[in-house]
Structures are given as structure tokens and as C-alpha cells.
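Take a look at the structure below.
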Amino acid sequence: MRVKVLSRNPDDYVRETKLDLQRVPRNYDPTLHPFEVPREYTRALNATKLERVFAKPFLTSLDGHRDGVNCMAKHPKSLSTVLSGACDGEVKIWNLTKRQCVRTIQAHEGFVRGMCARFCGTSFFTVGDDKTVKQWKMENPEYGEEEPIHTIIGKTVYTGIDHHWKEAVFATCGHQVDIWDEQRTSPMCSLTWGFDSISSVKFNPIETYLLGSCASDRNIVLYDIRKSTPLKKVILNMRTNTLCWNPMEAFIFTAANEDYNLYTFDMRFLESPVMVHMDHVSAVLDVDYSPTGKEFVSASFDKSVRIFPVDKGHSREVYHTKRMQHVITVKWTSDNKYILCGSDEMNIRLWKANASEKLGVKLKEKFRYHPKIRRIAQHRHLPKSIFCQIKEQRIMREARRRKELNRRKHSKPGSVPFVSERKKHIVAVVK
Amino acid sequence: MGHSPAPPSTNRPLPCSPYFAPNPGAGRDGGGGGRMRRGPAAGAALRGAGLQVAARRFPARPACGAMAEEDWLGVEVAPSASEGEDEGQEDGERRHRQLLEAVSSLSGRKRRKLAERTEASVQVSEFNVSCKGAGEKLVLSELLQTIRPKSALSSVKNELTRVKQKKAVELPLSKEEAKRVVREAAYVRTSKDVGKWQQVVLQNRRAEQLVFPLKQEIATVVPLEQAASAWKARTPLEQEIFGLLHKTQQPITDPLLTPEETASLQAMSLEEARQRRAELQKARVIQSYYEAKARREKKIKSKKYHRVLKKSKRRKALKEFELLHKLDPEAALAKLEELEQLRMQERMSLKHQNKGKWARSRAIMAKYDLEARKAMQEQLAKNKELMQKVRVELPEEEPGDVPEEDLTSVAVPTIPAGASRTNPWMLGKPSGPAEEPEVQEGLEDFAVPGAAESKGEMEEEEEEEEVSEEEALLQDFAQKRHVRQQRAGSPEGQGADETDAVSEPLRDSPVHPVCAEEQTSVRIEQPSQAPAEILLLEQLGRVQTMEDAEALASEEHVEELEKLGAAGAEKQVQQEEEGRAEERRVKKPPAKKKIISLQAVLAGKSQEVQCPSLPVVMEEEEGGIDQRGVITEAFAGDDVVADFRQEKRKAEQAAKPQPVNLVLPGWGEWGGTGLKPSTKKRKRFLLKPPPAPPRKDQHLPHVIMSERRNIHVAAHQVSELPFPFERHQQFEQSIRTPVGPTWNTQRAFQKLTTPRVITRAGHIIQPISAEDVPDMATEAGSGAKPALEIAPKQPEQPFRHPRRRAQ
């Protein structure tokens, strides 16, 4: 007779080492675990609440500048090093792990208008109101005074600088865009299109021959340094302060505009932006992409920093403190973890890019549309000034909309066309 | 004026190539190179000398496509050596012409201008007859053609008009315009260049998961051999150890066996091996012998032989047991325990419980076949017997006897067949044929004396430790044979049995044991069985009165049933109504079950459960430790099902639209205390709402569906469809699938909760570059993707093409 016995194979339940996890047999029979949706919903609700509870994005404030911070630069090789230039011509190099200033240079007279690090991280460049471009060594000098490696004296004020991502070439902007070889004291070529001061110039990190600039006559111009020719110009309603290229998508860039919005463009189709990001209530002064290319951070005159997903029209996060004034410059660190912002009141602040990262992400995502969860997840505190301004903005927008509606209603059909939000801000595209 | 010399041999490839003129000199020196042979048409076109002048003056004007090419390329061709001579001759001609012109101008009157002669010819005629076709033959037909009245200058005129029609050379583009063109071209080029990232970008946007930094150092696992071979002993200790290993010839790379071990393996003696082989052979022979013997014995068909064999075995066993008892009481006890063990096993197993395939087939047959019924009964009896407790206080008794007595004494009187029917918790396993034994027992008493004998045999068998199924089958057949013989003897007996079976109040209908579907089918097929059902109903009623003591709740139904039993046809209709009203009722009497009601079909489980297995119930009574009994006791007053029904009925009532009463007493008639509005008025002002649509849970007996909006729940519900979803089903589906580890396996859970973007702490994420993307890298090298390849390839083509040609 065959007697059936329970089979117990020690391999199934004995650990190999003490450090192994105990194997816990589980029964996934759905009848044993009823109410999955309500239970998961509760979990999601709790997770969302906890996320808000643990959202403490502000890490530290780096103080030491004696004037407003005007520009910042990331070190391309070291995560802990950050450079900043102030309105009094002082440049400081910071160690983020120690949260200390490791070096101070009186680089210029007047503003430090722009700065950038060389791609290898051995030196950095600054431009200032004193019409000079200076190259500095990244290391401390062993003795004596801080001296720049090179100084180039130009004829006009330079307002911005950016370094090529792979070659010993950099670009400055002012009255024109100049492309420089590091070894020469005169520009390799000068690119002009119209006559107005150009506020910022940025190299494309992927297709490194591409260059974008924005000028105060409301336009964004793209250049190709292979042909040393401008490519195309798009004129917006208002001035663009800065632009930033997406480091993962070669043809995408985002422009920070005076009209409180940010515009993400595809450089191949400049007729209308891919996305209009609106949430700020004052001019957007700076923008920087996260190294993953999925999000970007923007600094605004409304004393707040916002984080936008690339494909969303509204921000997912807003950072502000009582003491932070107009934020002039912002950077996303290259490990995608932190955000740095420099503001008028002489401080650089360090924020977490994700206010609280570790909690149950997936469930929250699953139930994100449920009203309670959404309410909690989306709730943010705002200072009264911004809050009131937002309200005002909303009223204004509504009024504009109503007026347009009325006009449409009382005029000949077709005479008041519908213009989409994306098209509205583009004045012209110049070939 | 000779022929233009042949161009350098390298420049003389295929004649019609668009890039290389067949005769570079031809286009240029109209004077020297006119020797080309032309077709008649071309000759006609060039006949006038004036044209030749024109051809000279506008060398760029193409006569045909080929000519244009010639001119274009002819510029570079160096003047040949003979050209110097030509020029000398031309000079002379020119002077001659000038002289002629001067002379003609002297006359004052314009003479008809002679056609200019440009072609070299052997004979020069004064009368404007150039011997163009000097080498050609004269054709008479050409001479006969009409002389056209055309002037020699007509062709020149034509040319001039054409020249006049031509526009002046356009102005060069303005600086702005030129820049714009350059910009546009550059923009197109750049956006094309940038466009090659399109695929990569889309891929990354759609990717489930992205891991940054993109450049991952892949930690490759080096195979052990490589690692070992690369390793060398360096320290003195290591060297020493290695030296020792080498001395003992320890294998280092392939650690299987040392040479010594292999040697010892080989040294196993031959004799030993032989011995072993012989042993094995012997064992095999013996085995086969015994097998053959067993087979032979098995083939013996004589019943008697087997009976004798078994008896002898039994006797032997008994003797042994007695001997054992005398000599070693402990061992005897052990044996008894063994028997007990056997019993336990039987209780555990499903053997002999009429569960097997065979038993089920019997159950179907049992309705018609007496033998089958018997066989099943025997099975059950055997089961019973095996499950009997061995009385330990009487160890002397033959263990086989005890169960037999028990069986007869216990099994017959107790018929708590419907005992558990009222309570749904009590409904036992569906052992349909289990009720048969009662019938059988009755039958055996008077009709089947032979069965007793066979039973006796069977019991004998059961003394043996194991009863194989085959044997059981054999016995079955034997019994059948017995019965068949009996039938042959008394054919009325069978009929009597059947009538008995029907009329006996204790007995179920033969239909009863069969499962629910069969019942329904039976009902449909055989309406003639209806009277039997009524009878059965009576019987059931009695059973249920027995129940009454236990479950009071079911009393009314029983009464109803009894009433129903009186009127057959009415009962059915009523039952259908009632069946809808109450679920439980369906469960109880099997007769009721016969009626197919939707309720009954839906509550399919309960039907199987209807006939409690007799032996099980008896066991319960004996043992008194039945789990179900305990449960029934614990939940005696707790009639969940009825409560639920009531609740549902209430909900149904509440959901029904209420009539609106608009009757105002006193209007249009006398009012006051004790006066009621007239019926007419009431009829008129009592507004009946339209009947509500059928409830959704109409056919779901276990469900109450409420369609009222719950405010408290609504606070947690999504009011409008979120953006990416297009239909609410999609959204609901996304919510319905659980994510947590409680509902998913570890692997699935991890897969479901993988983050979209993974970054490594403290690692710098560089911007994407062509090396990061495998497609892009290959594209740069060889070109894997055709879509991306097209753009860079096209500009190369014009360069590649001629190079190949030149080879």
C-alpha cells in the first residue's frame, strides 16, 4: 500500500546562511485577502499623508556673499563643488558636503555676469561688467594673490558665457555672440543677427556645435558654430531671460520668459512651443534641467523656485522660505538629487530635488486621482504674497478670457479667431 | 586647317558620358573642328555660314545637351599644338576679309555681304560655294530640291532675336538675402542632424525604466579557470604550499582525483568483481522464479482454491495470534494496535466510500440494477467494518467478528438521513448512493439469502490486512452471478422488491442519489415518475418531523410540504413561487428539488449536499465528537441565510416607488372626525408611480445591490475621468488590479513598483552622447538603422559615383 506523507524538503525552508531572509510561504489566494482596493486605497492615503509630513526639502543655506548671487556654475567632475558669482564681483567656491566656502576670489569690478566651468574641471571662466573674460584655475593657488590664468579685455560688456562640452572653445554674449578659442585673445567668429544685447548663451550638451541665445529684443536665436551662422530666430511676446537645453533630448530646450511662463521648444519646429509651463507669478529668471532630462527647475522674481516635469504644464513642486528674496539663479546638481538657488539676499540655498523620496510611490501613483489623495498630495503652502498674486492672476486671466468670449459673441463669426495658448506667445519665426 | 587632334588618351572614355566630352576641342574652335560628320538634319541646320558665326560668338549657347557639356568642360582643355598653325591661317583670312570689306565700303553702296566662311575646305570658290561635302557623294535628289528664297542672314537674324529675348543677367542677391539663404540651408541641415536623435528620445520617453548614469560599468564575472590561471604564488607561504601540492601530485586545475586515487580505483581485483556478478545473477534468477510462480498462482480461477487458501491463511493468522497471545501478550497487543492503525488509515482514506469512478458508475446503475446496489452496499459495509473500533477489552475475540456484529446492530436502526437537512452548515458530503444500504438491508432480510453468504466471505477477506481492488471487483461479479441465479428462480421477487422500494416509507426514490443535473433531466424525460415523487414526499415529511425536535425553524415548511404532498399539481406551482421566496426550502426536501426553479439552479451547491451519507452520520452519533455537530450547536439560533433574505426583502420594499397620496379630506365633501374621503376621491388622488425597473440583483440570491448614492463614499470617489484615460472602464481596471505584496508575488510586486528613473547616489549623470546609445554608435560606424542612415548617406553619393567609374 502506498502511504502518502507530507513531503518536507529542508531545501525549501532552511536558510543557507544566517544572513539570508527567512522564506515565508504565502498564499496569494484572493479570497484570503479580500478588499484589495479599499485596503490599497487606505495605504495610498496614508503614504500620501506621510509624504507631505516628511516633505522637508530645505537642507541648508550657504551664506558668505556680500551681495546678491548673480550666477552659479556646477563643477563637471566633482559633485561637492559649486561656484557662485555675486553682484559685487566676488566669486566663491563652495564645498557642499562641508557646507563651507573654500575659496573666495575678487574676480571683477562690478557684477559677475556669467561663469562656467571647463568641461574637464580644471579651470573656470568668468565674465563681468568690467568688460573682461577671465580664466581661473580650479585649485587653490599655493601662495600669494589669486591671479587669473588668462584675461581677455573686450570692447563691450559681456553678459554671459558658456563653455563647449567637449572642445576648448567657449562662447560669450553681449552685443553679439562671440566664439572663442581658449588659446586666442580674439574671438574665432562673431555671430550677429540684429542689434540688441544678448542676455544668455548656451551650448547644446549633446550636439555640441549648436548654440542658443536669447536677446532683449524678445527673441531666441539658434546658431551653428560649424557654419558659424545663425539658424533661426523666434520672437516671443516678451523677453526671454535664459534658456537651457535638455541634456537627454538633443532638440529640446526650455526658455524662461518675462511673461511668467516657461516655454519648451523643439528646435526643429519653432512655430509653437511643445509646452507652456505656467505657475510663476512673476518673471522667470533662470532655468536648469535635471540631468535625467525629465524635469527642470526654474527660479523666479516671485521669490520661489518651482520644479516642472518636462511634459506637464504646471509645476509639481514649489519651494520658498520666508527669507528667500528674488531668486536669480538656480542649478540642478548632476547627481539629480539636489537643487541650488542663489537669490538677492546673498544666500545660496540647497534643496532636495524630491522632497521625500522613500515612501510608497506606486500606490500613490495608482490612486492619485482620488479626490482625498489628490488634495493631500497637491497641497502646498504658499506665502501670502504669492498666493494673492496667483489669485489676482487667475482673475486677470478669467477677465481676459471673458472679454475675448464677449468680443467673439458680438462680432462677425470668424473675425475673432481662436488662438491656442501655445501660439499666443509667439510673435514670429524669422528664418 | 587640319583636324583637331585627339585629346589625351586618359580623357577618352565612353563617348556619351555626361562628365567627359567626347571631343573637347570640338566645341571651342569652330574653325578647326568642323570636320565632324553630321547627319543630314544637323547638316541642314549648319548649312548657312552665318550660323557658324553665331556659333562662334556664343559658344555657351547649347546646340543640344551634349554640346553644353562639351562647352562647359571644354574650357579647361588646353589648346592643342596644331592650333598655332590654325591661328596663322585665320589671321590671313581675316586680313583678306577686311580688305574685301574695305573695298566694298568704297563703292558706297552696300554690297550683298558674302557669307563668312568659317569651315576649312579644300576648295575655295568665289561664288559663295563652299565645298562642304567634298568627300561626300553628290545625290541627284538634293540638287532637284526647290531653291528656297532665303537670305543668308536669316539665321543670324533668328539668333539675334533670340538673344534679344534673353533677359539680362540678374543682380546678385542682397547681403541680407544671401545670409538668409545660408541660414535657411544651415537650419535645414542642422535640424536634420538633430533629428537623428528622434528615435532615441522617443524610446527614452516611453521607457518603463531608465537607469542613470547611462554609461554603466558592466561587472563581468571572470570564469574561475581564468582567474586561477592568472593567479600566481608570490609570497613564500604560498610558494611553499604550492610546492607541497606539486609534490603530492595534487591536481590544481582539474580537481577530480589524485593519481593515487585513480590507481587505487584501478586496483580493484578481478575476482571480487566476478563474485559480485555471480551474486547478482543468482538474485535475479530467484526473483524471476518467484515472479513466475506468483503469476501462475494468480491465474488459478478456482474460487474454491482461493477460498481454501484464504481460510488457511486466516486460520494460520489466528493460530499465530493466539500463540502470540499466550507467549507474548505484548506482541499480541502490538498486533491489535496494528489493526487499530489499519482502521485509522481506512478512516483517513476515501477507500470504500463509494467515491471512486467505479462506485459512481455503480451509483448510476443502482437505480436499475440490483447487483450494483448490492455491490455498493458491500463496499459501504466493508468501510464500516474497517472503521469499527477494535474492542481492546476483549482481545481474545476474533477481530473480524466484532465489526460484523456492530454492523448489524448499529447500522439498521439508525436512520438519521435527513437529520442535518434543516441547517445548511450540516449538509454533508454528497454520497448519493449512501442511502441505498437501508434499502439493501431490508431486501437482504427476505430476498437475498445468498448475499449473506457472500458477505460472510467478504468479511473473512477483511480480516486480511489488505484487500486489493481487484478482489473486490471479483466479489462483485460473484454477487452479481448469485443475484442473476436468484432472479432466474423467482422473477416476481424482483418486482416485489421494486414495489417495496417505492412504497416503503423509509426509502428514497432511486432518482434521489443521482446528482442535481440528472434529477432535472429525469424530471423532464419521465413525467410518469411524478406519483413516486409524491410518495417520497410523504416519506420525507416523516423524516423531517424527526428533525423538528432539533430545528424548530423549519417546521412550517414541513407542514407546507405535507399539504403539498396531498395535491401534486398545485404543489409544483406553489413551490416555484416559494422557491423564489426562500432559498432554504429548496435545500430541504428532495422532492421539492425536483422542480426546476431558477433559485435551485443558482444555489447549485446545496443540491449535491442533500443526501447525507449514512455511515458518516452514524459515526457522528457513535463518536459524539462531530465537528459539524459542534458548529450546529454553536450557531443554533443564528440563521444567517434567513436574516439575509429578510434584509433583502426589506431593501426591495424600500426601493419600490411609493404611491403619492394627494387626497385632501374636506375638499368637495364633508370632512371631520370619523369621516373618510370617499373611495372615488381616493382613487383619483392616489397617484401610482410607474413600476420600477427590475432590480439588478433580481436573480442573485446572495446579493443586495443598492443604487443609492452614498455621500460618505462619494468623498473618496473620483468624480470625473482623469486625463490619460479615455473610458471609465480603463480607469476602473487600473484601480482594480492590486499592486501590493499581499496580492502579488514578490517578483511581480517588484516589477510593478519599479521606479521610472533610477539614479545612483554620488554619480554624475553626463548628458547623453552617441556612445551611450548602441543604435547611434553603430549608426555612426556602419549604419544599422535605415531611417537614420539616409540623411548622412545622400551627400556622399555624388562623390562616390564617379570614383567607381574612373576605375
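Protein chains in written order, with the UniProt record's numbering: chain A, 1 to 431; chain B, 1 to 807. Virtual Cβ for every residue (Gly too), placed ideally from N, Cα, C.
Below 8 Å on the Cβ atoms is my contact criterion, and I expect residue i with residue j to pass it. Report the Cβ-Cβ distance as a whole number of Å.
{"i": "Tyr263(A)", "j": "Pro247(A)", "result": "Not confirmed; about 18 Å, so no contact."}
{"i": "Leu83(A)", "j": "Met72(A)", "result": "7 Å"}
{"i": "His425(A)", "j": "Leu236(A)", "result": "5 Å"}
{"i": "Lys131(A)", "j": "Gly154(A)", "result": "5 Å"}
{"i": "Val660(B)", "j": "Arg682(B)", "result": "Actually they are not in contact, since the Cβ atoms of Val660(B) and Arg682(B) sit about 12 Å apart, beyond 8 Å."}
{"i": "Lys92(A)", "j": "Thr104(A)", "result": "5 Å"}
{"i": "Gly740(B)", "j": "Arg268(A)", "result": "At roughly 44 Å, the Cβ-Cβ gap does not stay under 8 Å, so Gly740(B) and Arg268(A) are not in contact."}
{"i": "His65(A)", "j": "Met278(A)", "result": "Going by Cβ atoms, the distance from His65(A) to Met278(A) rounds to 31 Å, so no, they are not a contact pair."}
Name the two residues that bound the continuous alpha helix (DSSP H) containing residue i.
{"i": "Gly674(B)", "result": "Careful: Gly674(B) lies outside any alpha helix (DSSP H) and carries neither H nor E."}
{"i": "Glu297(B)", "result": "Leu270 to Lys299"}
{"i": "Val201(B)", "result": "Gln198 to Arg206"}
{"i": "Ser361(B)", "result": "Lys357 to Ala366"}
{"i": "Gln353(B)", "result": "Premise fails: Gln353(B) is in no alpha helix (DSSP H) and is neither H nor E."}
{"i": "Ser277(A)", "result": "The question names Ser, yet the displayed sequence has His at residue 277(A). Unbroken run through His277(A) is the beta strand (DSSP E), Met275 to Met278; no alpha helix (DSSP H)."}
{"i": "Cys87(A)", "result": "Unbroken run through Cys87(A): none, as it is neither H nor E."}
{"i": "Gln22(A)", "result": "Segment: none, Gln22(A) is in no alpha helix (DSSP H) and carries neither H nor E."}
Can you tell me which of the options puts its alpha carbon nearest to the alpha carbon of residue i?
{"i": "Glu365(A)", "options": "Ile105(A), Asp196(A) and Thr48(A)", "result": "Thr48(A)"}
{"i": "Asp302(A)", "options": "Phe58(A), Gln325(A) and Ser228(A)", "result": "Gln325(A)"}
{"i": "Thr192(A)", "options": "His763(B), Arg97(B), Lys179(B) and Arg189(B)", "result": "Lys179(B)"}
{"i": "Leu686(B)", "options": "Val169(B), Gln658(B) and Ala715(B)", "result": "Gln658(B)"}
{"i": "Pro57(A)", "options": "Asn237(A), Asp178(A) and Trp351(A)", "result": "Trp351(A)"}
{"i": "Met275(A)", "options": "Arg394(A), Phe54(A) and Ala255(A)", "result": "Ala255(A)"}
{"i": "Glu145(A)", "options": "Phe253(A), His175(A), Leu222(A) and Ala107(A)", "result": "Ala107(A)"}
{"i": "Ala86(A)", "options": "Thr126(A), Phe119(A) and Arg118(A)", "result": "Thr126(A)"}
{"i": "Asn219(A)", "options": "Ile206(A), Glu258(A) and Phe203(A)", "result": "Glu258(A)"}
{"i": "Asp193(B)", "options": "Ala168(A), Asp224(A) and Arg184(A)", "result": "Asp224(A)"}
{"i": "Pro694(B)", "options": "Leu237(B), Val718(B), Arg189(B) and Gln653(B)", "result": "Gln653(B)"}
{"i": "Lys335(B)", "options": "Gln627(B), Ala317(B) and Ser349(B)", "result": "Ala317(B)"}
{"i": "Phe731(B)", "options": "Val427(A), His175(A) and Arg368(A)", "result": "Arg368(A)"}
{"i": "Thr742(B)", "options": "Val5(A), Val24(A) and Lys233(A)", "result": "Val24(A)"}
{"i": "Ser213(A)", "options": "Pro413(A), Ile179(A), Ala168(A) and Lys412(A)", "result": "Ile179(A)"}
{"i": "Pro10(A)", "options": "Gln22(A), Cys120(A) and Arg2(A)", "result": "Gln22(A)"}
{"i": "Thr208(A)", "options": "Glu320(B), Thr190(B) and Leu380(B)", "result": "Thr190(B)"}
{"i": "Val287(A)", "options": "Phe308(A), Glu271(A) and Arg268(A)", "result": "Phe308(A)"}
{"i": "Arg206(B)", "options": "Lys310(B), Arg756(B) and Gly762(B)", "result": "Arg756(B)"}
{"i": "Thr754(B)", "options": "Leu363(A), Arg52(A) and Ala353(A)", "result": "Leu363(A)"}
{"i": "Ile386(A)", "options": "Val427(A), His370(A) and Thr321(A)", "result": "Thr321(A)"}
{"i": "Val327(A)", "options": "Ala299(A), Ile348(A), Phe170(A) and Arg306(A)", "result": "Ala299(A)"}
Since residue i is in the beta strand (DSSP E), which residue starts that stretch and which ends it?
{"i": "Pro320(A)", "result": "The residue asked about is misnamed: residue 320(A) is His in this sequence, not Pro. Neither: His320(A) is in no beta strand (DSSP E) and is coded neither H nor E."}
{"i": "Met72(A)", "result": "Val69 to Lys74"}
{"i": "Met115(A)", "result": "Val112 to Ala117"}
{"i": "Glu295(A)", "result": "Glu295 to Ser300"}
{"i": "Phe367(A)", "result": "Per DSSP, Phe367(A) belongs to no beta strand (DSSP E) and is neither H nor E."}
Quiz item: Quick one: complete beta strand (DSSP E) runs, 3+ long, within the region 127-202 of chain A?
Solution: You should have 132-137, 150-153, 160-163, 169-173, 177-181 and 189-191.
Quiz item: Is there contact here, the region 234-251 of chain A with the region 188-204 of chain A, by at least three beta-carbon pairs under 8 Å?
Solution: These segments touch.
Self-check item: Validate contact between the region 692-704 of chain B and the region 322-337 of chain A using beta carbons, cut 8 Å, 3 pairs
Solution: The region 692-704 of chain B makes no contact with the region 322-337 of chain A: fewer than 3 CB pairs, one atom from each, lie closer than 8 Å.
Quiz prompt | alpha helix (DSSP H) runs wholly inside the region 714-775 of chain B, at least 4 long, in chain order | solution = Runs found: 728-736 and 746-752.
Quiz prompt | Three-pair Cβ contact test at 8 Å for the region 724-740 of chain B versus the region 37-44 of chain A | solution = Here the region 724-740 of chain B makes contact with the region 37-44 of chain A; the two share three or more CB pairs at distances below 8 Å.
Quiz prompt | Every unbroken alpha helix (DSSP H) within the region 307-356 of chain A, with a cutoff of 4 residues, ordered by chain | solution = Contiguous alpha helix (DSSP H) elements confined to the region 307-356 of chain A do not occur, taking only those with 4 or more residues.
Quiz item: How about the region 343-356 of chain B and the region 376-389 of chain B: do they share at least three Cβ pairs that are nearer than 8 Å?
Solution: With a cut-off of 8 Å, the region 376-389 of chain B and the region 343-356 of chain B count as touching, because enough Cβ pairs lie within range.
Quiz item: Does the region 5-19 of chain A come close enough to the region 308-315 of chain A that 3 or more CB-CB pairs lie under 8 Å?
Solution: Cβ pair count under 8 Å is below three, so no.
Quiz prompt | Any 3 or more C-beta pairs closer than 8 Å across the region 61-69 of chain A and the region 336-346 of chain A | solution = Between the region 61-69 of chain A and the region 336-346 of chain A there are three or more C-beta pairs closer than 8 Å, enough to call the two in contact.
Quiz item: If you scan the region 213-246 of chain A from start to end, which runs of the beta strand (DSSP E) of 3 or more residues do you find wholly inside it?
Solution: 219-224, 229-236 and 240-245, all fully within the region 213-246 of chain A.
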